[in-house]
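Visitor: Below: one structure in structure tokens.
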Amino acid sequence: MREDQQTGAVVFASPGKVVSLPGADAPHGQDHLTWAYQTHVTAIYQYIYSRVGNRPDAEDLTAQVFMKAINGMRSDVSVPELRSWLYRVAQTTLADHWRQYYAEGTGELDEDVTRPPATRENPEAVQRVDSLLATLPESYRRVLELRFLRGYSVRETAQELSLSETNVKVLQFRALNRAGRERGRTT
Amino acid sequence: MNDDPEQLDKHVEDLLQDRKPERTPLPDDDALRARQTAAMLRAAKPGAGLPSKEFLERMQGSIKEWVSEQSARPEPAARPSRRSLLLTGAAGIAAGVAAVLGIERITTATPKTATRPLVDKGSWKPIKALAELPDGTPIAFRSGAIEGFLTRSGNQVTALSAVCTHMGCILNFSKFRDRFECPCHGATFEKDGHPTNYSSPLSSLPSLQVRVEKGEVEVYSV
């Protein structure tokens with residue numbers, strides 16, 4: 466048993482006792498709300514990361530999502546409500562992101578809002594990628610695997626595939642465009 | 018202006034280096050989709066896409082601040098809520114956030130007889146057929162707000178929360194090392210939910226109520 470444990474960075478419970486949170490000087494209930502949000506940070510970050518693919522953007526957007534979500538939500542929200550609310554805010558934040566920076570003048574953005582997001586974002590992302598790659602011709606699949614999943618440089622990819630570096634970039638371009646259209650078709 | 022391989026590769030290179038890509042207006046939906054696809058591929062690389070410890074810590078502070086600012090403001094059209102799961106009420110604490118807070122009694126042998134259930138006002142949700150559970154290997158599940166693992170040992174089934182008691186990341190089970198592992202900061206837990214390092218300040222993984230009905234494993238969940 467772990468009753469003797471002292472509080473470290475996190476909160477610990479002795480059996481059967483409700484434990485108050487560190488710095489529990491806030492009005493009743495508020496700390497729990499804080500924690501409910503805090504425990505979703507990683508999931509939302511991963512969700513966003515798999516849409517923007519880089520750390521600085523993922524960090525900025527995750528922070529934005531939580532700021533907006535907390536501002537716009539009642540404090541008596543239930544956990545399931547809070548979860549789906551966070552994902553909704555994440556989706557609109559992402560759509561704004563794409564629109565603002567890259568897609569002025571393009572049409573509707575197909576952020577897949579219809580499906581409830583999985584919380585195990587990473588395994589889900591891996592699965593989606595696998596099934597997407599499976600739809601591509603061999604050479605396309607190969608270049609994407611080497612570049613993205615193995616992290617080869619253009620030069621290394623060129624060596625591996627016996628192509629020029631220019632050809633690798635062209636192949637990568639075609640593969641990403643084709644894969645993008647495949648995705649558009651399935652969502 | 019047209020999209021071209023050189024420009025797209027610059028974007029790809031930025032993603033692969035985890036840099037913020039340049040904000041170039043794109044000519045069409047194809048160009049945008051190609052970049053969104055690149056992001057998705059980038060995130061699928063093993064080990065990619067996890068928040069840094071520094072970022073999580075920063076967010077913890079910010080969230081705390083935002084929540085207290087928000088609750089300092091009068092609620093717009095404060096309507097009395099009739100929901101049974103309120104975070105502010107005792108029921109809410111027991112039902113929802115307990116997984117997070119670790120307000121739970123952990124017993125090593127028989128978690129299902131624990132005196133204080135993790136979920137208070139939930140209902141029994143079927144998860145999987147008992148026959149489909151491998152012996153001794155935890156299987157991940159999600160039901161409502163609960164993420165957990167089911168483990169069968171012989172005829173006994175136990176369920177544990179899959180939320181790391183450190184900072185709330187979702188744990189993975191490593192078959193190879195036979196333990197739960199946190200992808201964020203490396204916390205590890207035994208199959209019974211105890212931290213593998215017994216001097217660890219982390220609390221054990223809360224257990225969930227579980228039962229078997231007509232061969233179907235059910236978890237009490239919200």
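For the protein sequence lines, the chains are A and B, in the order given. Residue 466 is where the first sequence starts when you use the working numbering, and the numbers rise one by one after that. Residue 18 is where the second sequence starts when you use the working numbering, and the numbers rise one by one after that. All residues carry an ideal CB built from backbone N, CA and C; glycine is no exception. These figures come from a predicted structure and were not determined experimentally.
Using the C-alpha atoms, what's the distance from Y552 (chain A) back to V530 (chain A)?
Guide: Reading the first sequence from its first residue, position 65 is the one you call residue 530 (chain A). Reading the first sequence from its first residue, position 87 is the one you call residue 552 (chain A). Rounded to whole angstroms, V530 (chain A) to Y552 (chain A) spans 9 Å at the Cα level.
Visitor: Among A:G518, A:V591, A:R593, which has the Cα closest to the Cα of H562 (chain A)?
Guide: Mapped onto the first sequence, residue 562 (chain A) falls at position 97. When only C-alpha atoms are compared, the closest one is A:G518.
Visitor: Let me check one thing: in DSSP terms, what residues is F197 (chain B) bridge-paired to?
Guide: By one-based count along the second sequence, residue 197 (chain B) stands at place 180. Per DSSP, B:F190, B:F206.
Visitor: Helix, strand or coil: which one does DSSP assign to P602 (chain A)?
Guide: In the first sequence, counting from the first residue as 1, residue 602 (chain A) sits at position 137. Here P602 (chain A) sits in coil by DSSP.
Visitor: Rounded to a whole number of angstroms, what is the C-alpha to C-alpha distance between T54 (chain B) and S627 (chain A)?
Guide: On the second sequence, position 37 is the one that residue 54 (chain B) refers to. On the first sequence, position 162 is the one that residue 627 (chain A) refers to. Using only the alpha carbons, I get a separation of about 25 Å.
Visitor: If you reduce the DSSP assignment to three classes, tell me which class L225 (chain B) lands in.
Guide: Along the second sequence, one-based indexing puts residue 225 (chain B) at 208. In the structure shown, L225 (chain B) sits in a strand (DSSP, three-state: E or B).
Visitor: From I513 (chain A) to H202 (chain B), what does the alpha carbon distance come to, in whole angstroms?
Guide: For the purposes of this step, residue 513 (chain A) is taken as residue 48 along the first sequence, with counting starting at 1. For the purposes of this step, residue 202 (chain B) is taken as residue 185 along the second sequence, with counting starting at 1. C-alpha separation (whole angstroms): 20 Å.
Visitor: If you count every other CB in all the chains shown that lies within 10 Å of the CB of S220 (chain B), and 16 or more means buried, which is it?
Guide: Position 203 of the second sequence, counted from the first residue, corresponds to residue 220 (chain B). Buried, by the Cβ-count rule.
Visitor: Once the 5 residues before and after P151 (chain B) are set aside, which same chain residues still bring their CB inside 8 Å of it?
Guide: Counted from its first residue, the second sequence places residue 151 (chain B) at position 134. Closer than 8 Å at Cβ, skipping near neighbours: R169.
Visitor: Whole angstroms is fine: what's the gap from S549 (chain A)'s alpha carbon to V542 (chain A)'s?
Guide: Your numbering for residue 549 (chain A) matches position 84 in the first sequence. Your numbering for residue 542 (chain A) matches position 77 in the first sequence. If I take the Cα positions, the gap works out to 11 Å.
Visitor: Report the neighbours of P38 (chain B) on chain A: residues whose CB is nearer than 7 Å to its CB, in chain order.
Guide: Here residue 38 (chain B) refers to the residue found at position 21 when the second sequence is read from its first residue. The contacting residues are N519.
Visitor: Do you know how far the Cα of S238 (chain B) is from the Cα of T182 (chain B)?
Guide: Counted from its first residue, the second sequence places residue 182 (chain B) at position 165. Counted from its first residue, the second sequence places residue 238 (chain B) at position 221. Their backbone Cα atoms lie some 19 Å apart in a straight line.
Visitor: What is the rounded straight-line gap between the Cα of N632 (chain A) and the Cα of K37 (chain B)?
Guide: Counting from 1 along the first sequence, the entry for residue 632 (chain A) is found at position 167. Counting from 1 along the second sequence, the entry for residue 37 (chain B) is found at position 20. If you take the alpha carbons of N632 (chain A) and K37 (chain B), they lie about 25 Å apart.
Visitor: Could you work out which residues of chain B lie near R593 (chain A), taking near to mean beta carbons separated by less than 9 Å?
Guide: Here residue 593 (chain A) refers to the residue found at position 128 of the first sequence. Per Cβ cutoff of 9 Å: M57, A61.
Visitor: Whose C-alpha, out of A:L597, A:N536, A:H497, is nearest the C-alpha of G649 (chain A)?
Guide: For this step, residue 649 (chain A) is matched to residue 184 along the first sequence. It is A:L597 whose Cα lies nearest to the Cα of G649 (chain A).
Visitor: Pop quiz: L58 (chain B) and F613 (chain A) are said to be a contact at Cβ under 8 Å. What is the actual Cβ separation, rounded to whole angstroms?
Guide: As a working note, residue 58 (chain B) is residue 41 in the second sequence. As a working note, residue 613 (chain A) is residue 148 in the first sequence. That pair is a contact at about 4 Å.
Visitor: For L225 (chain B) versus G171 (chain B), is the C-beta spacing smaller than 9 Å?
Guide: By one-based count along the second sequence, residue 225 (chain B) stands at place 208. By one-based count along the second sequence, residue 171 (chain B) stands at place 154. Against a cut-off of 9 Å, the Cβ pair of G171 (chain B) and L225 (chain B) comes out as no contact.
Visitor: Whole angstroms is fine: what's the gap from A623 (chain A)'s alpha carbon to P22 (chain B)'s?
Guide: In the first sequence, residue 623 (chain A) corresponds to position 158, counting from 1. In the second sequence, residue 22 (chain B) corresponds to position 5, counting from 1. Cα-Cα distance, rounded: 15 Å.
Visitor: Between I80 (chain B) and V506 (chain A), is the Cβ-Cβ spacing less than 9 Å?
Guide: Position 63 of the second sequence holds residue 80 (chain B). Position 41 of the first sequence holds residue 506 (chain A). Against a cut-off of 9 Å, the Cβ pair of V506 (chain A) and I80 (chain B) comes out as a contact.
Visitor: Just checking: is the beta-carbon of K81 (chain B) within a distance shorter than 9 Å of some beta-carbon in chain A?
Guide: Start at 1 with the first residue of the second sequence, and residue 81 (chain B) comes out as number 64. So yes, K81 (chain B) belongs to the interface.
Visitor: Got a sec? Which residues, its chain only, sit under 6 Å from S3 (chain B) by beta carbon, not counting five neighbours each side?
Guide: Nothing can be reported for residue 3 (chain B): it is not among the residues displayed for chain B, which extend from 18 to 239.
Visitor: In terms of residues, what are the limits of the alpha helix (DSSP H) holding Y617 (chain A)?
Guide: Translated into the one-based positions of the first sequence, residue 617 (chain A) becomes position 152. Segment: none, Y617 (chain A) is in no alpha helix (DSSP H) and carries neither H nor E.
Visitor: Cβ closer than 9 Å: which chain B residues qualify as neighbours of W550 (chain A)?
Guide: As a first step, residue 550 (chain A) must be located in the first sequence, where it is residue number 85. In chain order: nothing, as chain B lies at least about 12 Å away.
Visitor: Do M76 (chain B) and T527 (chain A) count as a contact pair if the criterion is CB distance below 9 Å?
Guide: On the first sequence, position 62 is the one that residue 527 (chain A) refers to. On the second sequence, position 59 is the one that residue 76 (chain B) refers to. Result yes, Cβ atoms of T527 (chain A) and M76 (chain B) sit closer than 9 Å.
Visitor: Does the beta carbon of P151 (chain B) sit closer than 9 Å to a beta carbon anywhere in chain A?
Guide: Within the second sequence, numbered from 1, the residue matching residue 151 (chain B) stands at position 134. Cβ-Cβ to chain A under 9 Å: no for P151 (chain B).
Visitor: Rounded to the nearest angstrom, what separates K482 (chain A) and K145 (chain B) at their Cα positions?
Guide: By one-based count along the first sequence, residue 482 (chain A) stands at place 17. By one-based count along the second sequence, residue 145 (chain B) stands at place 128. Because the pLDDT at K482 (chain A) is just 29, under 50, the model does not fix this residue reliably, and the value given afterwards should be weighed accordingly. If you take the alpha carbons of K482 (chain A) and K145 (chain B), they lie about 31 Å apart.
Visitor: So A176 (chain B) is in the beta strand (DSSP E); what residue range does that whole segment cover?
Guide: Looking up residue 176 (chain B) in the second sequence gives position 159. Run containing A176 (chain B): 173-178, per the beta strand (DSSP E) assignment.
Visitor: Would you give the residue range spanned by the beta strand (DSSP E) that E524 (chain A) belongs to?
Guide: For the purposes of this step, residue 524 (chain A) is taken as the residue at position 59 of the first sequence. Per DSSP, E524 (chain A) belongs to no beta strand (DSSP E); it is in the alpha helix (DSSP H), 520-537.
Visitor: Please classify F158 (chain B): is it buried, with 16 or more other beta-carbons within 10 angstroms of its beta-carbon, or exposed?
Guide: For the purposes of this step, residue 158 (chain B) is taken as the residue at position 141 of the second sequence. Answer is buried; the Cβ neighbour count reaches 16.
Visitor: Go ahead and label F193 (chain B) buried or exposed: buried means 16 or more other beta carbons lie within 10 angstroms of its beta carbon, across all protein chains shown.
Guide: Residue 193 (chain B) sits at position 176 when you count from the first residue of the second sequence. Exposed is the call here.
Visitor: Can you tell me the Cβ-Cβ gap for V227 (chain B) and A176 (chain B), rounded? I've got them flagged as a contact below 8 Å.
Guide: Sequence index remark: in the second sequence, residue 227 (chain B) carries index 210 (1-based). Sequence index remark: in the second sequence, residue 176 (chain B) carries index 159 (1-based). Contact flag correct, Cβ pair sits at about 4 Å.
Visitor: Between which two residues does the beta strand (DSSP E) containing E164 (chain B) stretch?
Guide: As a position in the second sequence, residue 164 (chain B) is number 147, starting the count at 1. Looking at the DSSP string, the run of the beta strand (DSSP E) that includes E164 (chain B) is 163-170.
Visitor: For the alpha helix (DSSP H) that contains P22 (chain B), what are its first and last residues?
Guide: The sequence position of residue 22 (chain B) within the second sequence is 5, counting from 1. Start and end: 22-33.
Visitor: Closer than 7 Å by beta-carbon distance: list the chain B residues that pair up with Y510 (chain A), in chain order.
Guide: Residue mapping note: residue 510 (chain A) aligns to position 45 of the first sequence, counting from 1. Within 7 Å Cβ-Cβ: P68.
Visitor: Would you list the residues sitting across from W141 (chain B) in a DSSP beta bridge?
Guide: Translated into the one-based positions of the second sequence, residue 141 (chain B) becomes position 124. B:Y237, per the DSSP bridge assignment.
Visitor: R36 (chain B) by DSSP, collapsed to three states: which one?
Guide: By 1-based counting over the second sequence, the position of residue 36 (chain B) is 19. R36 (chain B) falls in the coil class under three-state DSSP.
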